[in-house]
Every structure is written in C-alpha cells, then in structure tokens.
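Quick notes on the structure that follows.
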Amino acid sequence: MSDQYFDLQQSYGRCLQNKQFIERFYEIFMASSPRVAEMFAQTDFQKQRLALRRGISVAIFHAAGSNVVKRTIDQMADVHACPGRAPVPPELYPFWIESLIKAVEEFDPEAGPLLINRWREGMTSVVDTFSHRYPGH
C-alpha cells in the first residue's frame with residue numbers, strides 16, 4: 278500500500294485552525310527572496326490565498342499518488358510552467374518549500390523533526406512535477 282501522507286493531512290488541518298496560517302506563509306515567502314516578492318507584486322492576494330489553501334491539499338494528495346488530483350496538478354503545473362500565466366522558475370521552489378515548513382513549524386503544535394521531514398518529502402514531490410514542465414529541467 279502506498280504512503281497516503283495522512284500525517285500531513287492532519288498537520289495541515291491543525292495549521293488551518295488558525296486563520297493566519299496562509300497569511301503567515303506569504304509573509305515568510307515574500308521575505309525569502311527579492312525575486313519572490315517581485316513575482317507577487319501585482320497579485321490579488323484574496324484569490325491567491327484561496328488558491329494556495331486548495332493547492333496545498335492537492336499537493337498532499339499528489340504526494341500520496343492519488344490519481345484523483347492528477348488533472349488539477351497538471352493544470353497547476355501548466356499555470357506555473359514557462360509559458361503559463363504565472364511562471365515560476367524552478368530555482369524558486371526551494372523558497373516555497375522552506376517558507377511552508379517555517380509556517381508549519383509556527384502553527385502546528387505537533388510539528389517535530391520527523392513530521393517536518395515528511396512535509397519536505399511530500400512537497401518535493403509536487404515541486405518536482407512542476408519543475409519538469411520548465412524547459413531544461
């Protein structure tokens with residue numbers, strides 16, 4: 278049986294109990310690199326926060342190997358690919374993962390080293406999928 282990442286689903290649920298989780302993620306993410314802040318200069322954050330909330334859930338299911346989210350992951354990857362409407366160069370994805378990790382550490386009272394490694398492993402799966410849509414990766 279494949280790894281379903283139930284621990285990430287539960288951790289994410291604990292994080293979302295605080296309505297500031299997504300907002301805090303973006304604070305951390307924007308401060309992580311001037312290039313990240315520049316990419317989001319014209320962003321409607323009300324829409325973006327909703328998209329991220331859903332996107333993290335989808336990423337967890339993707340990491341678990343769920344075919345149910347394949348179409349959604351493909352659409353998200355297309356949006357963030359080079360010709361997409363919101364291209365993200367692959368070298369910026371580590372900032373995304375580390376920003377998410379920092380936010381989880383702040384908001385999930387049960388976040389320890391093992392769970393944080395699981396988050397990193399799970400999110401690397403989706404980042405790898407997105408990166409492969411970029412030329413040269």
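Read in order, the letters of the sequence shown are residues 278 to 414 in my numbering. Ideal Cβ positions, reconstructed from N, Cα and C, are used throughout, including at glycine.
Residue burial is scored here from C-beta neighbours: residue 292 has at least 16 other C-beta atoms within 10 angstroms and is therefore classed as buried. Inclusion of residue 376 and residue 306 in the CB contact set at 8 Å is warranted, their separation being smaller than that value. Restricting attention to alpha helix (DSSP H) runs no shorter than 4 residues, the segment 362-401 encloses them at 370-384, ordered along the chain. Counting C-beta pairs with one atom in each stretch, the segment 390-406 and the segment 333-346 have three or more that are closer than 8 Å, which means they touch. The C-beta of residue 285 has 16 or more other C-beta atoms within 10 Å across all chains shown, which makes the residue buried. Per DSSP, the unbroken alpha helix (DSSP H) holding residue 313 starts and ends at 311-316.
Between residue 384 and the set 344, 355, 296 and 394, the nearest pair of CA atoms involves 296.
Put simply, the segment 386-394 does not touch the segment 327-334. Fewer than three CB pairs are less than 8 Å apart.
In the structure shown, residue 303 adopts helical secondary structure according to DSSP, grouped into three states. Going by C-alpha positions, residue 363 is about 10 Å away from residue 320. The three-state reading of DSSP puts residue 328 in helix, counting H, G and I together. Assigned with DSSP and collapsed to three states, residue 334 falls in helix. Take residue 392, set aside five residues on each side of it, and the residues of its chain with a beta-carbon closer than 7 Å to its own are 284 and 288, in chain order.
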